[in-house]
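Chemist: Chains A and B, in that order, are what the protein sequence lines are.
Under the working numbering, the residue at position 52 of the first sequence is numbered 271, and the numbers go up by one with no gaps.
Under the working numbering, the residue at position 45 of the second sequence is numbered 92, and the numbers go up by one with no gaps.
One structure coming up, written as structure tokens, with questions to follow.
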Amino acid sequence: GAVVSQHPSWVICKSGTSVKIECRSLDFQATTMFWYRQFPKQSLMLMATSNEGSKATYEQGVEKDKFLINHASLTLSTLTVTSAHPEDSSFYICSASAGGQPYEQYFGPGTRLTVT
Amino acid sequence: RKEVEQDPGPFNVPEGATVAFNCTYSNSASQSFFWYRQDCRKEPKLLMSVYSSGNEDGRFTAQLNRASQYISLLIRDSKLSDSATYLCVVNQGGKLIFGQGTELSVKP
Chain A
220 GAVVSQHPSW VICKSGTSVK IECRSLDFQA TTMFWYRQFP KQSLMLMATS NEGSKATYEQ
280 GVEKDKFLIN HASLTLSTLT VTSAHPEDSS FYICSASAGG QPYEQYFGPG TRLTVT
Chain B
48 RKEVEQDPGP FNVPEGATVA FNCTYSNSAS QSFFWYRQDC RKEPKLLMSV YSSGNEDGRF
108 TAQLNRASQY ISLLIRDSKL SDSATYLCVV NQGGKLIFGQ GTELSVKP
């Protein structure tokens, strides 16, 4: 149980284009989903927290107009990187929580984004 | 100062060795503590929670010292399959704050 999927697992796009990443909870309802970013040799950094049906809460320094998050259902959240640039190349990981203890987050396998 | 700091690593050890990882956190209001394991290009996976009384899971022992804001992980009889990056993670107000990670490489 508690499986989270992400799609795509990797994507290469050209600078200036937008990329959408999907995060799905496959066997539970995720009241809260989290989006993280990880650069090489660095820690996972929380970008935003989203609750189903509400606007996402972004961490300081994360541009909400550049990283659009939608959590329209209890099993799906999407992250859209708009007008991507090479510096947005990173490993994006989502996690989902069913609303239990805050640390009970189930992580997706991640999406590796490369912007050329 | 980083919120969660770990030994820089990498740690290169032979099979069977005992290895210890240290971690400190800056926010004394942190509520719960964990060690995660992350394999190359994969998502992090929960290894174990960390309690003040100390806890053990097979070859892995975790300790928490709230007064010193210090967390440790001890791996005994290390295996080749233990090679990974170990992440110290702190729960602050419902958010998981990750350390940079310490890379472990176990050699035959």
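Where a beta carbon is used, it is the ideal one built from N, C-alpha and C, also for glycine.
Among B:C135, B:Q139 and B:G141, which has the Cα closest to the Cα of R84 (chain B)?
Modeler: In the second sequence, the residue the question calls residue 84 (chain B) occupies position 37. Residue B:C135 is the option with its Cα nearest to R84 (chain B).
Chemist: In the DSSP assignment, what are the bridge partners of T149 (chain B)?
Modeler: As a working note, residue 149 (chain B) is residue 102 in the second sequence. Bridge partners of T149 (chain B): B:Y133.
Chemist: Three Cβ pairs or more, each shorter than 8 Å: is that satisfied between the stretch 54 to 69 of chain B and the stretch 146 to 155 of chain B?
Modeler: Short answer: they touch.
Chemist: Alpha carbon to alpha carbon, what distance is there between C313 (chain A) and V281 (chain A)?
Modeler: For this step, residue 281 (chain A) is matched to residue 62 along the first sequence. For this step, residue 313 (chain A) is matched to residue 94 along the first sequence. The alpha-carbon atoms of V281 (chain A) and C313 (chain A) are separated by roughly 15 Å.
Chemist: Run the CB neighbour count on Q257 (chain A), radius 10 Å, all protein chains shown included, and call it buried at 16 or more, exposed below.
Modeler: The residue given as residue 257 (chain A) occupies position 38 in the first sequence. The residue is buried, with at least 16 neighbouring Cβ atoms inside 10 Å.
Chemist: Kindly say whether Q147 (chain B), judged by its beta-carbon, lies nearer than 8 Å to any beta-carbon of chain A.
Modeler: Residue 147 (chain B) sits at position 100 when you count from the first residue of the second sequence. Yes, Q147 (chain B) lies at the interface with chain A (some Cβ there is under 8 Å from its Cβ).
Chemist: Is the stretch 293 to 304 of chain A touching the stretch 98 to 109 of chain B in the sense that three or more CB pairs, one from each, lie closer than 8 Å?
Modeler: Touching, no.
Chemist: Whole angstroms are fine: how far does the CA of D284 (chain A) sit from the CA of S296 (chain A)?
Modeler: Here residue 296 (chain A) is taken as the residue at index 77 of the first sequence, counted from 1. Here residue 284 (chain A) is taken as the residue at index 65 of the first sequence, counted from 1. If you take the alpha carbons of S296 (chain A) and D284 (chain A), they lie about 16 Å apart.
Chemist: Leaving out five residues on either side along the sequence, give the residues of the same chain with a beta carbon under 6 Å from the beta carbon of V137 (chain B).
Modeler: For the purposes of this step, residue 137 (chain B) is identified with residue 90 of the second sequence, where counting begins at 1. The residues are V51, Y72, S77, F80 and I144.
Chemist: What separation, rounded to the nearest whole angstrom, lies between the Cα atoms of G327 (chain A) and S228 (chain A)?
Modeler: Translated into positions along the first sequence, residue 327 (chain A) becomes position 108. Translated into positions along the first sequence, residue 228 (chain A) becomes position 9. If you take the alpha carbons of G327 (chain A) and S228 (chain A), they lie about 10 Å apart.
Chemist: What's the C-alpha gap between A67 (chain B) and S130 (chain B)?
Modeler: For the purposes of this step, residue 67 (chain B) is identified with residue 20 of the second sequence, where counting begins at 1. For the purposes of this step, residue 130 (chain B) is identified with residue 83 of the second sequence, where counting begins at 1. Taking the straight line joining both Cα atoms gives about 13 Å.
Chemist: What are the boundary residues of the beta strand (DSSP E) that E278 (chain A) is part of?
Modeler: As a first step, residue 278 (chain A) is located in the first sequence; it is residue number 59 there, counting from the start. No beta strand (DSSP E) contains E278 (chain A), which DSSP labels as neither H nor E.
Chemist: Indicate whether at least one CB of chain A lies closer than 8 Å to the CB of E90 (chain B).
Modeler: On the second sequence, residue 90 (chain B) is found 43 positions in, with the first residue counted as 1. Cβ-Cβ to chain A under 8 Å: yes for E90 (chain B).
Chemist: Within 10 Å of its beta-carbon, does T333 (chain A) have 16 or more other beta-carbons around it, so buried, or fewer, so exposed?
Modeler: Here residue 333 (chain A) corresponds to residue number 114 of the first sequence, with the count starting at 1. Exposed.
Chemist: Count the other CB atoms within 10 Å of the CB of V222 (chain A); is the residue buried (16 or more) or exposed (fewer)?
Modeler: Residue mapping note: residue 222 (chain A) aligns to position 3 of the first sequence, counting from 1. So V222 (chain A) ends up on the exposed side.
Chemist: Taking C-alpha atoms, which residue in A:G272, A:I288, A:C232 and A:S224 lies nearest to F247 (chain A)?
Modeler: Your numbering for residue 247 (chain A) matches position 28 in the first sequence. Taking only the C-alpha atoms, the option nearest F247 (chain A) is A:S224.
Chemist: From the beta carbon of S262 (chain A), is the nearest beta carbon of chain B less than 8 Å away?
Modeler: Mapped onto the first sequence, residue 262 (chain A) falls at position 43. It does; some Cβ of chain B falls within 8 Å.
Chemist: Taking C-beta pairs closer than 8 Å, name the residues in chain A that K126 (chain B) reaches, listed in chain order.
Modeler: Stepping through the second sequence from its first residue, residue 126 (chain B) is reached at position 79. Result: empty, since nearest Cβ-Cβ is about 23 Å, beyond 8 Å.
Chemist: What number of angstroms, rounded off, separates the C-alpha of S128 (chain B) from the C-alpha of E62 (chain B)?
Modeler: Locating residue 128 (chain B) in the second sequence gives position 81, counting from the first residue. Locating residue 62 (chain B) in the second sequence gives position 15, counting from the first residue. Each residue's Cα considered, the two are about 10 Å apart.
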